[in-house]
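Protein chains: 2
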Amino acid sequence: MKILSSVPKNDGFFMPAEFEKHYGCIIIWPERADSWQYGAVMARKAFTEVAKAIAQSEKVTVLASDAAYDTAREMLPDYIRVVEMTSNDSWARDYAPTFLKNKKGIIRGVDWGFNAWGGLVDGLYFPWDKDNRIARKICDLYETDIYNVRDFILEGGSFHVDGQGTVITTEACLLSRGRNPEMTKNEIEEKLKNYIGAEKVIWLKRGIYNDETNEHIDNICAFAAPGEVVLAWCDDKNDPQYEMSKECLDILEKETDAKGRKFKIYKIPQPQPVFMTDYECEGLINFNGEPTRTGGERLAASYVNFYISNGAVIIPGFNDENDVKAKNIFQNIFKDREVIQIYARDILIGGGNIHCITQQIPISKQ
Amino acid sequence: MKILSSVPKNDGFFMPAEFEKHYGCIIIWPERADSWQYGAVMARKAFTEVAKAIAQSEKVTVLASDAAYDTAREMLPDYIRVVEMTSNDSWARDYAPTFLKNKKGIIRGVDWGFNAWGGLVDGLYFPWDKDNRIARKICDLYETDIYNVRDFILEGGSFHVDGQGTVITTEACLLSRGRNPEMTKNEIEEKLKNYIGAEKVIWLKRGIYNDETNEHIDNICAFAAPGEVVLAWCDDKNDPQYEMSKECLDILEKETDAKGRKFKIYKIPQPQPVFMTDYECEGLINFNGEPTRTGGERLAASYVNFYISNGAVIIPGFNDENDVKAKNIFQNIFKDREVIQIYARDILIGGGNIHCITQQIPISKQ
Chain A
1 MKILSSVPKN DGFFMPAEFE KHYGCIIIWP ERADSWQYGA VMARKAFTEV AKAIAQSEKV
61 TVLASDAAYD TAREMLPDYI RVVEMTSNDS WARDYAPTFL KNKKGIIRGV DWGFNAWGGL
121 VDGLYFPWDK DNRIARKICD LYETDIYNVR DFILEGGSFH VDGQGTVITT EACLLSRGRN
181 PEMTKNEIEE KLKNYIGAEK VIWLKRGIYN DETNEHIDNI CAFAAPGEVV LAWCDDKNDP
241 QYEMSKECLD ILEKETDAKG RKFKIYKIPQ PQPVFMTDYE CEGLINFNGE PTRTGGERLA
301 ASYVNFYISN GAVIIPGFND ENDVKAKNIF QNIFKDREVI QIYARDILIG GGNIHCITQQ
361 IPISKQ
Chain B
1001 MKILSSVPKN DGFFMPAEFE KHYGCIIIWP ERADSWQYGA VMARKAFTEV AKAIAQSEKV
1061 TVLASDAAYD TAREMLPDYI RVVEMTSNDS WARDYAPTFL KNKKGIIRGV DWGFNAWGGL
1121 VDGLYFPWDK DNRIARKICD LYETDIYNVR DFILEGGSFH VDGQGTVITT EACLLSRGRN
1181 PEMTKNEIEE KLKNYIGAEK VIWLKRGIYN DETNEHIDNI CAFAAPGEVV LAWCDDKNDP
1241 QYEMSKECLD ILEKETDAKG RKFKIYKIPQ PQPVFMTDYE CEGLINFNGE PTRTGGERLA
1301 ASYVNFYISN GAVIIPGFND ENDVKAKNIF QNIFKDREVI QIYARDILIG GGNIHCITQQ
1361 IPISKQ
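If you read the protein sequences in the order shown, they are chains A and B.
Mind the numbering: the first sequence is residues 1 to 366 in the numbering used here, read in order.
Mind the numbering: the second sequence is residues 1001 to 1366 in the numbering used here, read in order.
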């Protein structure tokens, strides 16, 4: 594995869209006692269902620390690979490498800086050193070279691409004080373009209400195809999410992508607000007396936090009346893929959802 | 990775000889404070030289714990892959899987039981649980299935094969009280044949003097080609090694291999006796007050503890007058491979040598 100091865009490397063909997918096994209630048992069951759904159509590798390795190997079916790797938590989307390719089909990773969603300003845990080493470890595992851009703080869940030059992101996250406060919006935009290999960045203002990642894009809006996006939508004007989603819609309706296309926008209804229970909070072991959750806290539930595998679209379910409605909309959008809905409350209460716990690897020859 | 309970021989799987074509080689990064003096710095340099020599002609993967990972990645060149994996020590030969193949070129591993060279009878450390999990982790990493024979204690360094039905081993090791005391010699022989896919086992009596592995075969005798063996040899009748090597020679001269061939035997001179120094002992941190070495202790040095890579034969050197002599003999035997001699005192004082720290993976299609 070579660590590269050149700029991907200059080298002809860009990030393909998630809906393009994958080699496989990486998931990190949940373990952290202040993220995953009651020994992560229910979270591990949910992660296993996600891994199995993805493994129907692409290779899945689950990374687990030595301490948690045996539970992963026991719970996951034998067609899913388990590889030992230590991290601080289980968010492959945010700190596994962003994978790029070039026209020859060569794959390379990007090693962004990671500071647990805001570092000492408003980050979610400390330390985050092991997360920050994961990208290089993964590229070494897959024998791909990696671009070093650790001086720029970015999580994989904070941007989406269409693979044709367009990036979408949120100002709430990328302009947050805890990430790159010394950089201007223009400088951040240039970094994105250079390291994802893109032409145009579309800035939405905000994401999902109470999303502790500073409102990652991947919880509110995603590309379904070039020129097509799904948007988490709320009809209840008394819900703070209404204004947030409406603002996104207004921007998207006026914008064009890097190829000059207007967007086709699919509204995905939000589930009813989901709240953390006292029982769930009591299942967390908090370090240094700092509770990560409180009973009654609203969680950032959204169907838009989904993963596109080669053969399926894997979306969360919340035992909500909108589960079926959301599934039907996704099935109408992704006509060639099976929509698999997985009950995901046990992922959500860790702080993310299906997209957050996955990271696709593009196929090397197309 | 499937865990198989069938018998490799019945499935058409057998262990190819080390001199046949490899896919690659596994090495485990040294770390253990009671095995490797002074923070394993010198050992890591020696391991790096071995890895580099092998990587000239086959893929090398070095396994390192999370704690030692950064030193491995820093010291090893970027063309050598480093993968996180936890073990109790660094003897890939003894507890990485034994790799088998079948006529179609499919590769499978064997997961022998491991108890640190004698368990609670005369083993070298406790616990050995992480070593014992390495074989499955490695097979999962390489996406090969694995035969489960953990009820039989065996280390990879305690047998050699010619890939044509012949196994050589030592009675001192395989009949030791600390391994499979409840089994008869015949039963042990059957296990070997069934799980290595062989026809004939040749039993030498002993190995190298003061070899704490209970005298592994891979320190005294190895196949150089079908029908050809190298034997560690000692001309000094006052040295206890003289009788030990002579006894091996007598057996080998009378024996035939599985194909009925007499052996061509190459004698490799031993280096002058090598002793542990007080300074080296003081560089060890002993657990529970149990010293692993004492100053003046004779180490089991031998040139026969070598590795055959696709393009080279990598042999140890000891700054001894016989270094060049040994190298010339090896070069005469292996005419198509470069003989690379690496100063290996810093591996030897950990308790083994170049063969002990390596494990080849056969090539899957031939």
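Note that beta-carbon positions come from the ideal geometry of N, C-alpha and C, so glycine has one too.
None of these values were measured; they are calculated from a predicted model.
For A172 of chain A, collect the residues of the same chain with a Cβ closer than 7 angstroms to its Cβ; drop the 5 residues on either side in sequence, then sort them by chain order. Within the same chain, K205, R206, G207, N214, E215 come within 7 angstroms of A172 of chain A by CB-CB distance, once the 5 residues on both sides are set aside.
Report the rounded CA-to-CA distance for E247 of chain A versus M1085 of chain B, giving the unit in angstroms. Spanning the two alpha carbons is a distance of roughly 48 angstroms.
Within this structure, are the beta carbons of N1125 of chain B and N1180 of chain B separated by less than 8 angstroms? For the sequence presented, residue 1125 of chain B should be read as Tyr rather than Asn. If you check the CB distance, Y1125 of chain B and N1180 of chain B do not come in under 8 angstroms.
Taking Cβ positions only, does K18 of chain A come closer than 8 angstroms to chain B? In the sequence on display, residue 18 of chain A carries Glu and not Lys. By the rule that beta-carbons nearer than 8 angstroms mark a contact, E18 of chain A does not touch chain B.
Tell me, to the nearest whole angstrom, how far the beta carbon of G1311 of chain B is from that of P1030 of chain B; I am working on the premise that it is less than 8 angstroms. About 25 angstroms separates the two Cβ atoms, so there is no contact after all.
Our contact map puts I28 of chain A next to A92 of chain A with C-beta atoms below 8 angstroms; I'd like the distance itself, whole angstroms only. Going by Cβ atoms, the distance from I28 of chain A to A92 of chain A rounds to 5 angstroms, so yes, they are a contact pair.
Using the beta-carbon count (16 or more within 10 Å), is Q366 of chain A buried or exposed? Annotation note: pLDDT 46 at Q366 of chain A (below 50); position unreliable, no value reported.
Going along the chain, which residues of the stretch 132-158 of chain A sit with their C-beta nearer than 8 angstroms to a C-beta in chain B? For the stretch 132-158 of chain A, which is checked against every Cβ of chain B, the residues closer than 8 angstroms are R133, R136, K137, D140, L141, E143.
F1318 of chain B and E1297 of chain B look like a contact to me (Cβ under 8 angstroms); what is the Cβ gap, rounded to whole Å? Contact between F1318 of chain B and E1297 of chain B is absent: CB atoms are separated by about 16 angstroms, not below the 8 angstroms threshold.
Once you ignore the five residues that flank F1287 of chain B on each side, which residues in its own chain have a CB closer than 7 angstroms to its CB? Result list for F1287 of chain B: D1034, in chain order.
C-alpha distance - S1245 of chain B paired with I1107 of chain B, whole-angstrom precision: Spanning the two alpha carbons is a distance of roughly 35 angstroms.
If I'm right that Y307 of chain A touches T358 of chain A with Cβ under 8 angstroms, what's the distance once you round it to whole angstroms? Their Cβ separation, rounded to whole angstroms, is 5 angstroms, which keeps Y307 of chain A and T358 of chain A in contact under 8 angstroms.
Between E1084 of chain B and chain A, is any beta-carbon pair separated by less than 8 angstroms? Interface residue, yes.
Is any non-hydrogen atom of the ligand PLP found closer than 7 angstroms to the C-beta of R261 of chain A, if you look at the structure I gave you? The ligand PLP is not part of the structure shown, which contains no ligands of any sort.
Given M42 of chain A as reference, the closest of A:Q360, A:A232, A:N210, A:L348 once Cα atoms are compared: M42 of chain A has its Cα closest to that of A:L348, out of A:Q360, A:A232, A:N210, A:L348.
Among residues of its own chain, excluding the 5 on either side of L174 of chain A, which ones have a beta-carbon nearer than 7 angstroms to its beta-carbon? Closer than 7 angstroms at the Cβ level, and outside the excluded window around L174 of chain A, lie S158, I188.
Leaving out five residues before and five after G260 of chain A in sequence, what residues of the same chain have Cβ atoms less than 7 angstroms from its Cβ? Non-local C-beta neighbours of G260 of chain A in its own chain, meaning closer than 7 angstroms and more than five positions away in sequence, are absent.
Mind checking whether G1163 of chain B and M1001 of chain B have CB atoms under 8 angstroms apart? In this structure, G1163 of chain B sits away from M1001 of chain B, with a CB-CB distance that is not shorter than 8 angstroms.
Chain B beta carbons: is any one of them nearer than 8 angstroms to that of M1 of chain A? For M1 of chain A, the answer is yes, since a Cβ of chain B falls inside 8 angstroms of its Cβ.
Considering E1280 of chain B, what are the terminal residues of the alpha helix (DSSP H) in which it resides? Secondary structure note for E1280 of chain B: its alpha helix (DSSP H) is the uninterrupted segment 1278-1282.
Taking only beta-carbon atoms, is R1179 of chain B less than 8 angstroms away from chain A? Closer than 8 angstroms: no.
To the nearest angstrom, report how far apart N194 of chain A and G165 of chain A are at their CA atoms. If I take the Cα positions, the gap works out to 11 angstroms.
Beta strand (DSSP E) containing N1101 of chain B: first to last residue? In the sequence as presented, Asn is not what sits at residue 1101 of chain B; that position holds Lys. K1101 of chain B -> beta strand (DSSP E) spans 1098-1101.
Is there a C-beta anywhere in chain B that falls below 8 angstroms from the one on R81 of chain A? R81 of chain A counts as touching chain B.
Compute the distance between the beta-carbons of K942 of chain B and P1291 of chain B, then report whether it is under 8 angstroms. What is shown of chain B runs 1001 to 1366, which leaves residue 942 of chain B out entirely.
How would you list, in chain order, the residues of chain A whose beta-carbon sits under 7 angstroms from the beta-carbon of D1111 of chain B? Per Cβ cutoff of 7 angstroms: no residues; D1111 of chain B is ~13 angstroms from chain A at best.
Note down, in chain order, all residues in the stretch 1042-1069 of chain B with a beta-carbon under 8 angstroms from any beta-carbon belonging to chain A. Within the stretch 1042-1069 of chain B, the residues whose Cβ lies closer than 8 angstroms to any Cβ of chain A are, in chain order, S1065, D1066, Y1069.
Closer than 6 angstroms by C-beta to G1156 of chain B: which residues in its own chain qualify, once you throw out the five before and the five after it? Chain order, please. Excluding residues within five positions, the ones whose Cβ falls inside 6 angstroms are R1093, D1094, T1098.
Say whether chain B places a C-beta atom closer than 8 angstroms to the C-beta of D78 of chain A. It does: the Cβ of D78 of chain A has a partner Cβ on chain B nearer than 8 angstroms.
Option nearest K59 of chain A by Cα separation, candidates A:P273, A:D78, A:T71, A:A344: Ranking the options by Cα distance to K59 of chain A, first place goes to A:D78.
With a cut-off of 8 angstroms on the beta carbons, I'd call P1008 of chain B and V1110 of chain B a contact; round off their distance for me. Right, their Cβ atoms sit about 7 angstroms apart.
Starting from N186 of chain A and walking both ways along the alpha helix (DSSP H), at which residues does that stretch end? Where N186 of chain A is concerned, the enclosing alpha helix (DSSP H) stretches over 185-196.
How is N332 of chain A classed by DSSP in three states: helix, strand or coil? If DSSP states are grouped into helix, strand and coil, N332 of chain A belongs with the helices.
Using the C-alpha atoms, what's the distance from Y147 of chain A back to F1263 of chain B? The straight-line gap from Cα to Cα measures roughly 54 angstroms.
Among the candidates A:A258, A:K254, A:V82, whose CA atom is the shortest distance from the CA of E199 of chain A? Measuring from the Cα of E199 of chain A, the nearest candidate turns out to be A:A258.
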